[in-house]
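Reviewing the structure listed below.
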Amino acid sequence: MKYSKIKYEFNPNIFYSGYLLRKKLLLAVDKYSTYMKGRMLDFGCGSKPYKTLFTVDEYVGVDFEGEGHSHENEQIDVFYDGKKLPFPDNHFDSVFSTEVFEHVFNLEEMVVEIKRVMKPGARILVTCPFAIPEHEQPNDYARYSSFGLKHLFEKNNFKVIEFEKIGNHFDTLIQLRISYYSLVLFPKLNKLVIVKPICEVIIYPIYNLYALLFSKILPKRNALYMNNVIVCEKLS
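Just so we're aligned, residue 0 is where the sequence shown starts under numbering that gives the first Met the number 0, counting upward by one.
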């Protein structure tokens, strides 16, 4: 199986609370992974959950060691200080970053720094959320609309090659409803050892299947969506 080496939380089934988001995200990363070539930097790599999707000559993971997120059992090759990447100019052929930009307080500066270590013509593949709950508190600083993310790259002399919104209005609302159960209601049942898992195994697949079915039938609009996926090329 193509995704057999992807950890469950990044390749879940319908019994997982974040199924609608994570499954669509996996498919999107796989779809655009072909843009990544040569020496690739994984910015904010963590455990490198999607590493097996890429066919590159060298895979280098860099991350910031800060509060709000444990790096235990992760596969970080190099740490950076939050301001400067420890690589020379024009070093990478590709850059990948997934679900990281919202955690970078000084993103405007870091996009310039990422650009510095990219070769002219190098491509960058980024995913970041739009409508999801806060996470990894307190290091969750921003949400970027499609227009904001495109502008961020274009003003720094990148050309947008691909852009996709993950999720539509309907399945995003369902994912947010599931998040309410997962983050608000079900934690109240922690002391009920048997009741909580029973509720989870019933509620999650029902809502996930409901979303999969009706998001295909109902009218579609994606002004409300879960995630941004963007591929850009460094022009100079």
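Built from N, CA and C at the ideal position, the CB exists for glycine as well.
Span of the beta strand (DSSP E), counted from its first residue to its last, around ASP29: Taking the sequence shown and counting its residues from 1, one reaches residue 29 at position 30. Where ASP29 is concerned, there is no enclosing beta strand (DSSP E), although the alpha helix (DSSP H) it sits in stretches over 18-31.
On a Cα-Cα basis, can you pick out the residue from SER214, VAL125 and PRO119 that is closest to ASP170? Mapped onto the sequence shown, residue 170 falls at position 171. Closest by alpha carbon: SER214.
Close-in-space but distant-in-sequence residues of the same chain around LYS118 (CB under 8 Å, 5 per side omitted): Residue mapping note: residue 118 aligns to position 119 of the sequence shown, counting from 1. Closer than 8 Å at Cβ, skipping near neighbours: ASN89, HIS90, PHE91, ASP92 and LYS233.
Would you tell me roughly how many angstroms separate the C-alpha atoms of LEU151 and LEU191, rounded to the nearest one? Taking the sequence shown and counting its residues from 1, one reaches residue 151 at position 152. Taking the sequence shown and counting its residues from 1, one reaches residue 191 at position 192. Computed Cα separation, rounded: 47 Å.
Using CA coordinates, which residue listed in GLU101, ASP76, VAL55 and VAL116 is at the minimum distance from LYS83? Translated into positions along the sequence shown, residue 83 becomes position 84. Each of GLU101, ASP76, VAL55 and VAL116 was checked against the Cα of LYS83, and the nearest Cα belongs to VAL116.
Could you tell me which residues DSSP puts in a beta bridge with SER96? Mapped onto the sequence shown, residue 96 falls at position 97. VAL125.
Based on Cα-Cα distance, which residue from HIS102, PHE185, THR51 and TYR7 lies nearest to ASP62? Locating residue 62 in the sequence shown gives position 63, counting from the first residue. Cα-wise, what sits closest to ASP62 is HIS102.
DSSP three-state assignment for MET117, whether helix, strand or coil: Sequence index remark: in the sequence shown, residue 117 carries index 118 (1-based). In the structure shown, MET117 adopts extended strand secondary structure according to DSSP, grouped into three states.
Delimiting residues of the alpha helix (DSSP H) encompassing PHE42: Locating residue 42 in the sequence shown gives position 43, counting from the first residue. In this chain, PHE42 is not harboured by any alpha helix (DSSP H); it is covered by the beta strand (DSSP E) spanning 38-42.
Would you be able to state if there are at least three C-beta pairs under 8 Å between the region 202-210 and the region 121-138? no
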